[in-house]
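For reference, the structure discussed in these notes is given below.
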Amino acid sequence: MAVVEGRRCHASTVQKVVAVAIVVLPLALALALGYNETEVKAAFLYHFTGYVEYPPAAFSSSQAPLIIGVLGKGNILSALQQAVRGKNVKGRAIVVKQVGLGQELRECHIVFVPEAESKNLPRILEILGDAPVLLVGESENFAAKGGTIGFFVEQNRIRFEVNLDAAQRAHLTISSKLLSLARIVKGKRGES
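Quick note: the sequence shown, position 160, residue 189 per this note's numbering, numbers continuous.
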């Protein structure tokens with residue numbers, strides 16, 4: 030029995046190491062090669078697409094693209110367009126577009142909220158309600174205030190935190206591989 034438990038523990042550790050390697054190594058390499066913070070966040074956004082499961086109703090058809098919306102104007106729009114150019118996720122094309130503060134937010138699968146737009150978080154949460162949208166931001170305590178994923182800097186590294194309550198309310202399933210790399214925070218989507 031102890032041998033079996035030891036193997037399970039070892040397998041779990043190996044899986045975590047592989048998950049870290051898959052997600053973190055390309056991003057660490059990007060930083061080492063001199064990419065800036067915006068480009069690294071864009072790379073994270075692209076990588077998130079492979080670790081989030083959406084309900085079938087989130088897409089109008091099996092060929093519909095995955096849409097990443099960037100709220101307002103920001104440097105990340107062009108960096109994100111560059112990061113996803115020529116790529117797809119789970120057989121879907123990826124479309125990146127600038128969006129405004131309105132119902133078009135609900136047409137996206139991921140919405141990125143730059144720091145300059147963080148004051149609009151209560152309105153964004155109201156518009157989205159329980160729509161299957163991964164809400165990602167870069168302002169302080171973004172996830173704790175109701176976003177799904179929030180970027181933060183720790184020891185000069187970009188990291189992220191995940192609000193599982195917000196993901197659940199949006200009917201999204203986030204891979205355990207991605208969660209193993211995140212800091213988990215509390216707070217319900219819709220609370221501010």
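Glycine residues also receive a C-beta, built at the ideal position from the N, C-alpha and C atoms. The structure displayed is predicted, hence computed values, not measured ones.
For residue i: DSSP bridge partner residues
i, result
"residue 74", "DSSP output for residue 74 lists no bridge partner at all."
"residue 179", "166 and 190"
CB of residue i within 8 Å of CB of residue j, strictly
i, j, result
"residue 75", "residue 108", "no"
"residue 127", "residue 95", "no"
"residue 88", "residue 189", "no"
"residue 203", "residue 139", "no"
"residue 77", "residue 210", "no"
"residue 131", "residue 150", "no"
"residue 125", "residue 79", "no"
Assumed close pair residue i, residue j - CB separation to whole angstroms, cut-off 8 Å
i, j, result
"residue 144", "residue 167", "5 Å"
"residue 187", "residue 66", "6 Å"
"residue 141", "residue 191", "Between residue 191 and residue 141 the Cβ distance is about 15 Å, and since that is not below 8 Å, they are no contact."
"residue 208", "residue 82", "Between residue 82 and residue 208 the Cβ distance is about 13 Å, and since that is not below 8 Å, they are no contact."
"residue 160", "residue 199", "7 Å"
Residue-level contact to chain D via CB, residue i, 8 Å cutoff
i, result
"residue 166", "Of the chains in the structure shown, none is chain D; there is only one protein chain."
Q.
I'd like the ranges of any alpha helix (DSSP H) spanning at least 4 consecutive residues and lying wholly in the region 114-172.
A. 150-157
Inset, instruction - Inspect the CB distances between the region 156-173 and the region 133-144 and report whether three or more fall short of 8 Å. - result: yes
**Item:** Inside the region 72-107 only - beta strand (DSSP E) runs reaching at least 3 residues
**Value:** 95-100
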